[in-house]
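Undergrad: Handing you a structure now.
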Amino acid sequence: MDGIDLSAVAWRKSSYSGGNGGDCIEVALASPAPGVVPVRDSKDPSGPVLLFPSASWQSFLASLRDGSLPVG
C-alpha cells in the first residue's frame, strides 16, 4: 500500500451485512489518503485491503442505487 497507513482507520460494515458472519465488506469511514476508498473483508480484518479511486467507488454506489448494476 505504498505509504498509506491504515492502522488508525475506522471501518463501517455494509448495511447489507447480516449478523450471521456471511459475505461482508467494510469501508473506511474516512480515507487515510486523498482520492482513495479503502475496502476490506470484514471476516479478515488483518487481511488485504483494496484501494478504489474515489470516483470509481462513487460510480459503483450510484449504479447500485439506481438499479443499473444487478445485485444478488
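Here the working numbering = 1-based position in the sequence shown + 3.
Just so it is clear, CB atoms sit at the ideal spot from N, CA and C, and this is done for glycine as well.
1. Taking the beta strand (DSSP E) that residue 44 falls in, what are its first and last residues?
2. Taking only three categories from DSSP, how would you classify residue 36?
3. Along the alpha helix (DSSP H) that carries residue 64, what are the first and last residues, could you check?
4. Work out the CA separation of residue 41 and residue 68 for me, nearest whole Å.
5. I think residue 57 touches residue 30, with their Cβ atoms under 8 angstroms apart; what is that distance to the nearest whole Å?
TA: Based on what the coordinates show:
1. 39-44
2. coil
3. 57-69
4. 20 angstroms
5. 11 angstroms between Cβ atoms; not a contact.
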